[in-house]
């Protein structure tokens, strides 16, 4: 069995839909900034990442596609890095991170997941 080590957790700010302070920000911008910050503060070799798994609560509009797929090229990751977007089964803001963490720890034999 492969041991899984979680050494950082990062989240983006929350917004209030169409009238909130973040309504004009495209979803890929905070997702890419999240990946950049994670790579920078942990000195990650982003070219060596086996895949990127991103949790998203209640994805709508542009978030409804694989947001990780569009964020990876905008961050310092190889554009061919495989990505997965985990969608929260409920609107609870913490369940996407829980589900994503469970997925990363349970499935696959990857050595370097982001």
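Residue numbers (my numbering): 43 to 156.
Idealized CB from N, CA, C, for every residue including glycine.
Taking a contact as a CB-CB distance under 8 Å, the pair residue 70 and residue 112 counts as one, their CB atoms being some 5 Å apart.
For residue 97, the closest alpha carbon among the candidates 77, 82 and 121 is that of 77. By the Cβ criterion, the segment 59-68 is not in contact with the segment 79-90, since fewer than three pairs of Cβ atoms, one from each stretch, lie closer than 8 Å. In this structure, the straight-line span from the alpha carbon of residue 115 to that of residue 95 is close to 14 Å. Excluding residues up to 5 positions away in sequence, 114 and 115 lie with their Cβ nearer than 7 Å to the Cβ of residue 121 in the same chain. Assignment of beta-bridge partners to residue 88 by DSSP yields no partner. Under the DSSP definition of a beta bridge, residue 123 lacks any partner. With a contact defined as Cβ atoms closer than 8 Å, residue 81 and residue 117 qualify at about 7 Å.
Here residue 108 carries a coil assignment [DSSP, helix/strand/coil].
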